[in-house]
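Written out below as structure tokens is the structure these notes cover.
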Amino acid sequence: MYVIRLGDGTLRVPQSLTSDDGRLIGNAYVEIAPGEPDYDRWVAESITEAEDAERRQRWQEENDQLEQEFLAFKAEQD
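Anchor point for the sequence shown: position 7 equals 5 in this note's numbering, and the numbering is continuous, going up by one each time.
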């Protein structure tokens, strides 16, 4: 999950909720507007929504190739 910078400058920062024993309960995004505490901390590593979409698309394309290689390997093992 990435820190996403929206068009108005608001950041969507990933946040995880865990139980007392450390188990993951869920993941979500928290929105932080310019001028709020922690904004400067996160803005430097943020990416735009377009950059996020591009990364997702690239991952999907690369994943398709990796999946085909795995299926070919698996077929050779049978």
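Glycine included, C-beta positions come from ideal geometry on N, C-alpha and C.
Per DSSP, A26 lies in no alpha helix (DSSP H) segment; the continuous beta strand (DSSP E) that holds it begins and ends at 22 to 30.
Less than 8 Å divides the Cβ of E47 from the Cβ of L4.
Looking at the DSSP output, S14 shares a beta bridge with N25.
Nearest C-alpha to G24 among P35, P12, I30, P32: P12. Around the beta carbon of R10, 16 or more other beta carbons sit within 10 angstroms, so the residue counts as buried.
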